[in-house]
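Visitor: Taking our numbering, the leading residue of the sequence shown gets 83, the next gets one more, and so forth. We treat Cβ as the ideally placed atom computed from N, Cα and C, and that holds for glycine. Only a predicted model underlies this, so the values are computations on that prediction, with no experimental measurement involved. Mind looking over this structure? Questions follow.
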Amino acid sequence: MSAPTFPAPAVPMRPASIAPRLPQRRRPSVRAAWRWENRKAPHRWYWPVIAILNALSLASGYAQYVSYRDIFVSQGVTWEILWGQGMLLGAMLFLPLTIGGFTAQMATGEHEGRNWQRMTAGRLETAMIAGKLLHGLQVGFLTSLVFFIEFAVTGMLLGFDLAGLVPFLPRMVTMTLAVWAIEVFVMWLGAVLKSFAAIMITVLIGVVLGFPLSTMMPPLAVLDPLALLTSASSVRSLEDISSPGSLLASSIVCLVWVGALSLALRRSVKKQS
C-alpha cells in the first residue's frame, strides 16, 4: 500500500508594496562641504596677519593725516586721506599675497590627501567646489569687514565724524567680491599646480604685474585678478569712491572672473580623475 502524499505548503507571496528597495544614494551636501572647508582652513594665522597688516597700512594713513592736519582740516578732507593712504599698500600688495597664501595652503592640502581624485571618483566634485566657493565668499566678506572695522576705529582716534564713513560702506561689497575672485583664481592655480611654492611664485608674479597695470594702465588692470582689489577699493580714484557706475563696474568684473575661474576649476578637477 503506497504512502499518502500531501500537497506542498504554499509559499506566501510578498506584496509588491513591501518589496525590498535598493538603498538610494545620498545626494552630496553643499552645506557639509562648506562646513568641512571651514574646519580645515588655516584660520589661526590668517586673521591675525590680516589684522596686523591692516593696522600697519592704516598707521601710514594716520601718520600722514597727523603730519599735515592743518592743511587737511582747511580743505575739509578726513576719511578720504585715511582711505587713500591706508588702503593703497593693502590693496596692491599685502592683501593679495596674504589671501594667496591662505588659499594656496588649502589647495596643496587637496593634493596631499588625493582629495580631488577621491571626490571625482565618487562624483562629489561639484558639491566640493560649491562648498569651496561659499567658503571663499565668506572669507571675502569677513576680510573686508575686518578692514572696515579697523578703518572706522582709526578714524575715530583721529576725531573724524562717523557720518563721513557712510559713502565708503558700499565699497565693502566690491572688496568682498574682489577677495572672492582672488581666492577662486588661486583655487584654480592650486588644481593645476601641485606645490605651494609654484602657486605662490605665480601669485607674486601676478601681484608685481598689477603694479604697472594699476598705476599706468588702469583699464587693463581688470585683466589681472590679483589687481582687482585696487579698482574694487577705488583707492587710486577717490573721487569715485561712492560712484554707482564705478561700484557696478567693479562688481561685474569681479563676478565675471569668479564665474570663469569656477568653470576652469571644475574642468581642471575633472581631468584629475
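Does the distance from the CB of Gln187 to the CB of Phe278 come in under 9 Å?
Guide: Yes.
Visitor: Mapping the DSSP letters down to three states, classify Trp339 as helix, strand or coil.
Guide: Here Trp339 sits in helix by DSSP.
Visitor: From Ile153, Leu135, Ala189 and Glu194, pick the residue whose C-alpha is nearest to that of Gly168; which is it?
Guide: Checked all of Ile153, Leu135, Ala189 and Glu194; the closest Cα to Gly168 is Leu135.
Visitor: Return yes when the Cβ of Leu216 is within less than 9 Å of the Cβ of Trp116, no when it is not.
Guide: Cβ atoms of Trp116 and Leu216: closer than 9 Å.
Visitor: Please name the residue, chosen from Val235, Met254 and Met282, that lies closest to Ser332 on a Cα-to-Cα basis.
Guide: For the residues Val235, Met254 and Met282, the minimum Cα distance to Ser332 belongs to Met254.
Visitor: Can at least three beta-carbon pairs, one atom from the segment 161 to 176 and one from the segment 123 to 143, be found at a separation below 8 Å?
Guide: Contact holds: three or more Cβ-Cβ distances are below 8 Å.
Visitor: Per the contact definition of three or more C-beta pairs closer than 8 Å, is the segment 216 to 225 in contact with the segment 284 to 304?
Guide: These segments do not touch.
Visitor: Can you name the start and end residues of the alpha helix (DSSP H) that Gly310 belongs to?
Guide: Per the sequence shown, residue 310 should be read as Leu rather than Gly. Unbroken alpha helix (DSSP H) run through Leu310: Leu310 to Ser315.
Visitor: If you draw a straight line from the C-alpha of Asn120 to the C-alpha of Lys353, how long is it?
Guide: Spanning the two alpha carbons is a distance of roughly 26 Å.
Visitor: Grab the span of the alpha helix (DSSP H) containing Ala303 for me, first residue to last.
Guide: Here Ala303 belongs to no alpha helix (DSSP H), and DSSP marks it neither H nor E.
Visitor: I'd like to check one pair, Val289 with Leu308: are the Cβ atoms closer than 9 Å?
Guide: Contact: yes.
Visitor: Quick one: does the C-beta of Leu135 sit closer than 8 Å to a heavy atom of the ligand GTP?
Guide: As far as ligands go, the structure on display features none, and thus does not contain the ligand GTP.
Visitor: Suppose you measure from the CA of Pro178 to the CA of Ile153; what does that come to, to the nearest Å?
Guide: Distance between the alpha carbons of Pro178 and Ile153: 33 Å.
Visitor: So, using beta-carbon positions, are Tyr147 and Leu240 closer together than 9 Å?
Guide: Yes, the pair counts as a contact, with Cβ atoms nearer than the cut-off.
Visitor: Report buried or exposed for Trp75, applying the criterion of at least 16 other Cβ atoms within 10 angstroms of its Cβ.
Guide: The shown model of the chain, from 83 to 355, leaves out residue 75, and the question about it has no answer.
Visitor: Quick check on Ala273: buried or exposed, where buried means 16 or more other Cβ atoms within 10 Å of its Cβ?
Guide: Ala273 should be labelled buried.
Visitor: Which ranges does the alpha helix (DSSP H) cover as unbroken runs of at least 4 residues, wholly within the segment 133 to 197, from first to last along the chain?
Guide: Counting whole runs of 4 or more residues, the segment 133 to 197 contains the alpha helix (DSSP H) stretches 151 to 157, 161 to 171 and 177 to 194.
Visitor: Measuring alpha carbon to alpha carbon, tell me which of Ala203, Ser350, Leu175 and Leu329 ends up nearest Ile287.
Guide: The shortest Cα separation from Ile287 among Ala203, Ser350, Leu175 and Leu329 belongs to Leu175.
Visitor: For a quick check, are the C-beta atoms of Gly246 and Thr190 less than 9 Å apart?
Guide: No. Outside cutoff.
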